[in-house]
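Visitor: Note that the UniProt record's numbering numbers the sequence shown so that position 134 is 134, with each residue one more than the last.
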Amino acid sequence: RIHISSKQNLQYGWLAYMLGDRATKKFTEYSKIFTVEGNLSSGKGKLAQQIAEKLGMKYFPEADIHYVDRITGDTALLHEKFNGFCNLERFYNDPKCPDGHSYRLQAWLFGNRVLQYADALEHLLTTGQGVVMERSPYSDFVFLHAMFEQGYIHKRCLDHYKEIKEISISEFLPPHLVIYIDVPVPEVQKRIQEKGEPYEKKVSPLYLQNIEDAYKKTFLPEISETSEVLQYTAAEAEDVEKVIEDIEYLKFDKGPWLEQDDVSFHHLRLYVQDKGGVLDPAAIPRFIPEITIGGNEYDKIYYEYRSV
Numbered sequence: 001r002i003h004i005s006s007k008q009n010l011q012y013g014w015l016a017y018m019l020g021d022r023a024t025k026k027f028t029e030y031s032k033i034f035t036v037e038g039n040l041s042s043g044k045g046k047l048a049q050q051i052a053e054k055l056g057m058k059y060f061p062e063a064d065i066h067y068v069d070r071i072t073g074d075t076a077l078l079h080e081k082f083n084g085f086c087n088l089e090r091f092y093n094d095p096k097c098p099d100g101h102s103y104r105l106q107a108w109l110f111g112n113r114v115l116q117y118a119d120a121l122e123h124l125l126t127t128g129q130g131v132v133m134e135r136s137p138y139s140d141f142v143f144l145h146a147m148f149e150q151g152y153i154h155k156r157c158l159d160h161y162k163e164i165k166e167i168s169i170s171e172f173l174p175p176h177l178v179i180y181i182d183v184p185v186p187e188v189q190k191r192i193q194e195k196g197e198p199y200e201k202k203v204s205p206l207y208l209q210n211i212e213d214a215y216k217k218t219f220l221p222e223i224s225e226t227s228e229v230l231q232y233t234a235a236e237a238e239d240v241e242k243v244i245e246d247i248e249y250l251k252f253d254k255g256p257w258l259e260q261d262d263v264s265f266h267h268l269r270l271y272v273q274d275k276g277g278v279l280d281p282a283a284i285p286r287f288i289p290e291i292t293i294g295g296n297e298y299d300k301i302y303y304e305y306r307s308v
């Protein structure tokens, strides 16, 4: 199991289902998954929190490279050698690093987004409380697209990512609603310069534009086939009451959620609570130099981690 803790909790299983534990009995109007999307510094977190508070849903902040550290054990953040050998500061300082750091970072972040989405589904099916998230594994590819367009990663990385993404989220159900905050690149740059981390201020405007293009030309058209989509300007996103009103008018009459019943929810809940199994598809046996380490190095890291 991925989630390690000093406390052992009973897990949901066939016995609970046989004794009458049914997901649909707990569902209410907003027993749903919402994701808030947008470029860097677009105000996603603020809007996601406000929506969650207004609708009685649970807010999940964006998963970073330390997602597992933050929700397990004593929540202490471990060294980057135990977190994919990557960090955002190094990416912004040297996005074309020859050792493949950029793809290691994005592959690691994708794995953490997959884990978080599994946690969101598990929370929904266990408690009936809906979840509002910042980004998801469904939209994560916009960053990889931007990296490839800017020459930060090799074509083999793009091909590998597409393969693991397809199989990693194949058992999931997509979000019910995607909210996209459209902030022009010049405004994004201005916000980063005013409030961003020092290393974030080095981000290329072309990289930001590639992210926006991937959202508008690929992600939003594709996700609209299975999920409701709402789009707002930065100013419109400030009016949370209007956003809530728009959500209330949605019919939620599309996507695979409509085809589910207690039996399929039961199997989905069994799947998402097994975090090791959820991550297995992201570890397909492919030799990708950017994310592959030797056996001796692996053993060294493994035993060092065991001693932490």
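We put the CB at the ideal spot given by N, CA and C, even for glycine.
How is residue 265 classed by DSSP in three states: helix, strand or coil?
Guide: DSSP places residue 265 in helix when its eight states are reduced to three.
Visitor: Who are the Cβ neighbours of residue 193 in its own chain at under 7 Å, not counting the five residues just before and after it?
Guide: Cβ within range, chain order: 201.
Visitor: Residue 296 to residue 10, Cα distance in whole Å?
Guide: Whole-angstrom Cα-Cα distance: 37 Å.
Visitor: Excluding the 5 residues preceding and the 5 following residue 291 in the sequence, name in chain order all residues of the same chain whose CB lies nearer than 6 Å to its CB.
Guide: Cβ within range, chain order: 104, 107.
Visitor: By alpha-carbon positions, which one of 305, 178, 207 ends up nearest to residue 188?
Guide: Considering only alpha carbons, the answer is 207.
Visitor: Just grab the DSSP bridge partners of residue 133 for me.
Guide: Bridge partners of residue 133: 35, 60.
Visitor: Note down the Cα distance separating residue 165 from residue 15, rounded to an integer number of angstroms.
Guide: Roughly 32 Å between the two C-alpha positions.
Visitor: Check residue 228 in the structure and name its three-state DSSP category.
Guide: Residue state, collapsed to three classes: strand.
Visitor: Between which two residues does the alpha helix (DSSP H) containing residue 115 stretch?
Guide: Taken as a continuous stretch (DSSP letters only), the alpha helix (DSSP H) holding residue 115 covers 101-127.
Visitor: Inspect the CB distances between the segment 123-131 and the segment 68-82 and report whether three or more fall short of 8 Å.
Guide: Cβ pair count under 8 Å is below three, so no.
Visitor: Could you give the first and the last residue of the continuous alpha helix (DSSP H) run that contains residue 284?
Guide: No alpha helix (DSSP H) holds residue 284; DSSP gives it neither H nor E.
Visitor: Step through the CB atoms of chain B and report whether any lies within less than 9 Å of the CB of residue 245.
Guide: Any reference to chain B falls outside this structure, which holds one protein chain only.
Visitor: Grab me the residues of residue 171's own chain with a C-beta within less than 6 Å of its C-beta, minus the 5 sequence neighbours each way, in chain order.
Guide: Cβ neighbours of residue 171 beyond the five flanking positions: 271.
Visitor: Given that a residue counts as buried once 16 or more other Cβ atoms are within 10 Å of its Cβ, and exposed if not, what is residue 287?
Guide: Exposed, since its Cβ has fewer than 16 Cβ neighbours within 10 Å.
Visitor: Tell me the DSSP secondary structure of residue 218 in three-state form.
Guide: If DSSP states are grouped into helix, strand and coil, residue 218 belongs with the helices.
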